[in-house]
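Converting from the sequence shown to this note's numbering requires adding 2 to each position, the first position being numbered 1.
Glycine included, each C-beta is placed from N, C-alpha and C at the ideal position.
Quick caveat: nothing in here was measured; it's all calculated off a predicted structure.
Since the structure comes first, as structure tokens, the remarks are kept for the end.
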Amino acid sequence: MYRFIVCELITGKVLDELPMVITSDLTRFLKMYGEGTLALPLFDGRGRLVSDTWEQAILPQRSMILVVDDADRIVWPGVPQSRGRQGAGKNASLINFPCRTLEAYPIRRYMPTRNYRGMDQASIFQSMLETMTDGGIGLDYDCPDTGVIRDRPYNDDENARVYDRVNELSAVLDGFDWTIDVAWGDDAHTFVRKIARTGYPYLGNRTASPVHTFETGQNVTDFDFQEPWGEGDAATHVRAIGDGEGESKLMSAPVIDTVREAAGWPRLEERRTFSGVTVQTTIDSHARAVAQYLFAGQKVLTLTARNTVHGEDFTRLGDLTLGDTARININTPQLRLDAVWPVVGWSLTPETGVYKPTLAKIGEPAGDK
Numbered sequence: 003m004y005r006f007i008v009c010e011l012i013t014g015k016v017l018d019e020l021p022m023v024i025t026s027d028l029t030r031f032l033k034m035y036g037e038g039t040l041a042l043p044l045f046d047g048r049g050r051l052v053s054d055t056w057e058q059a060i061l062p063q064r065s066m067i068l069v070v071d072d073a074d075r076i077v078w079p080g081v082p083q084s085r086g087r088q089g090a091g092k093n094a095s096l097i098n099f100p101c102r103t104l105e106a107y108p109i110r111r112y113m114p115t116r117n118y119r120g121m122d123q124a125s126i127f128q129s130m131l132e133t134m135t136d137g138g139i140g141l142d143y144d145c146p147d148t149g150v151i152r153d154r155p156y157n158d159d160e161n162a163r164v165y166d167r168v169n170e171l172s173a174v175l176d177g178f179d180w181t182i183d184v185a186w187g188d189d190a191h192t193f194v195r196k197i198a199r200t201g202y203p204y205l206g207n208r209t210a211s212p213v214h215t216f217e218t219g220q221n222v223t224d225f226d227f228q229e230p231w232g233e234g235d236a237a238t239h240v241r242a243i244g245d246g247e248g249e250s251k252l253m254s255a256p257v258i259d260t261v262r263e264a265a266g267w268p269r270l271e272e273r274r275t276f277s278g279v280t281v282q283t284t285i286d287s288h289a290r291a292v293a294q295y296l297f298a299g300q301k302v303l304t305l306t307a308r309n310t311v312h313g314e315d316f317t318r319l320g321d322l323t324l325g326d327t328a329r330i331n332i333n334t335p336q337l338r339l340d341a342v343w344p345v346v347g348w349s350l351t352p353e354t355g356v357y358k359p360t361l362a363k364i365g366e367p368a369g370d371k
């Protein structure tokens, strides 16, 4: 069902195709990196070595492995973080490659001193990633202006990773979605491009009447519906903390979910720290964004989608991109839900290739600003 193509990470040049297997769920998410483990069996069914060049082709942090479907669509790109092998046992002939998607690369780079004044937030995002150009992985950019102008000063001695700075910027009120996609660079599929994208206010096709539907009795075989209200998942009282010490420490005004507290919820406090923030209006904006995320808690639905085996017109991996909306129609004794929610992540299970999209309704607009 899937093929595995090895590329050079920096240039995107295709090097080889190898008969690999998926040994742990491959995942992707909006605004964060995904993970998964691929493995290479050293020998085929006849005991012959499958490749005598794999050690040169698959090098941790230098190579990229593409998982492509039968239509040659790239459904998952992973950068090997390590490679491991065993001397004995049933997995002795497997070489394991734990991988992360390209969104993890900014974790390995630190944010240098920059002083952004009066710039569109998408331009700030692109500029932050462009600080990684020297010795980087060769990113292209698709970051259209959002119309939201921000000021952001950053200093090298703060020892902040680019990944953290990017997520702080995107998570502020009226922020944006981001991801790093991998796409074929030519019709012959001899190389790939790595494209850092932003979407304002969202990535993906958000519509109240989506083309794709997940429905029990049709293309949904199982589901896992969670409504977490634990620490970090929900709150009724939020403050954001910026830079400073003691009495000079920057703190936002509290943002309170007056509706739920009046309806009987006890006060549930949450505080989030944002390093490098020195302006009151900015820290207040962070607080409102956190409140928007945490008020009303979260509703997260992970579906097990039926594989297409007899030409059914079921939604498959690759039909939906991260951020797209899909209709959910769950009609069981445990859950009745008819809604349109965005796809915020997905996983591909080992061996069976089962597609598990995750859709979510997270928070609501903050009540008391």
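Give the secondary structure of residue i by DSSP, where H, G and I count as helix, E and B as strand, and everything else as coil.
i: N161; result: coil
i: L205; result: coil
i: G137; result: coil
i: F6; result: strand
i: G248; result: helix
i: Y357; result: strand
i: H288; result: helix
i: Q228; result: strand
i: D315; result: coil
i: A368; result: Below a pLDDT of 50, predicted positions are generally treated as unreliable, and A368, at 46, falls in that range; no measurement from the model is reported.
i: T283; result: helix
i: M22; result: coil
i: E37; result: strand
i: R329; result: strand
i: M130; result: helix
i: V194; result: strand
i: T13; result: coil
i: N221; result: coil
i: W56; result: helix
i: T215; result: strand
i: E233; result: coil
i: Q123; result: helix
i: Q294; result: helix
i: A307; result: strand
i: D166; result: helix
Closest to residue i by CA distance: which of the options is it?
i: I197; options: T181, T306, D189, A210; result: T181
i: V346; options: N207, C9, E160, A237; result: N207
i: G80; options: V257, L303, L11, D226; result: L11
i: I60; options: M34, I7, G140; result: I7
i: D315; options: E217, L131, R274; result: E217
i: L171; options: M3, Q128, R308; result: Q128
i: L322; options: D46, G248, R75, P62; result: R75
i: T13; options: T334, T275, L361, A185; result: A185
i: L319; options: A124, R329, K358, G187; result: K358
i: D176; options: S95, R308, R290; result: R290
i: C9; options: P82, T280, A73, I24; result: P82
So, at 6 Å on beta carbons, what are the nonlocal neighbours of residue i in its own chain, with the 5 sequence-adjacent residues on each side left out?
i: E271; result: H239
i: M22; result: F6, L40, L42
i: A307; result: N221, Y357
In whole angstroms, what separates the C-alpha of residue i from that of residue j?
i: M253; j: G246; result: 9 Å
i: H214; j: T55; result: 42 Å
i: E233; j: V302; result: 16 Å
i: T133; j: M113; result: 7 Å
i: E105; j: V257; result: 31 Å
i: G244; j: R163; result: 17 Å
i: R110; j: S65; result: 16 Å
i: D286; j: R5; result: 48 Å
i: V222; j: A242; result: 40 Å
i: V174; j: E229; result: 24 Å
i: G86; j: D189; result: 35 Å
i: R154; j: G120; result: 9 Å
i: R262; j: E249; result: 31 Å
i: N98; j: S53; result: 15 Å
i: H191; j: D71; result: 14 Å
i: T372; j: L361; result: Given that the chain is displayed from residue 3 to residue 371, the structure contains no residue 372 and the question cannot be resolved.
i: V356; j: D183; result: 22 Å
i: E57; j: F225; result: 40 Å
i: R124; j: S95; result: According to the sequence displayed, residue 124 carries Ala and not Arg. So the two alpha carbons sit approximately 46 Å from each other.
i: R152; j: P335; result: 49 Å
i: G137; j: V194; result: 18 Å
i: L324; j: I330; result: 16 Å
i: K363; j: D18; result: 41 Å
i: K33; j: G49; result: 43 Å
Excluding the 5 residues flanking residue i on each side, which residues of the same chain have their C-beta closer than 7 Å to its C-beta?
i: T115; result: Y156, N157, D158
i: A265; result: none
i: P62; result: P82, Q83, S84, R85
i: R269; result: T238, H239, E263
Give every residue of the same chain whose Cβ lies closer than 8 Å to the Cβ of residue i, excluding the five residues on either side of it in the sequence, and list them in chain order.
i: W78; result: L28, R30, G36, G38, L68, V69, T103, L350
i: R338; result: I332
i: E160; result: M113, S277, G278
i: L131; result: P108, L141, Y143, V164, V168, A198
i: D370; result: Any reading at D370 must be qualified, since the residue scores a pLDDT of 41, below 50, and its modelled position is unreliable; no value is offered.
i: V16; result: I7, V8, C9, H191, T192, F193, V194
i: P352; result: V23, I24, T25, S26, D27
Can you confirm whether the segment 290-307 touches the segment 199-213 when touching is taken to mean that 3 or more C-beta pairs between the two stretches lie within less than 8 Å? no
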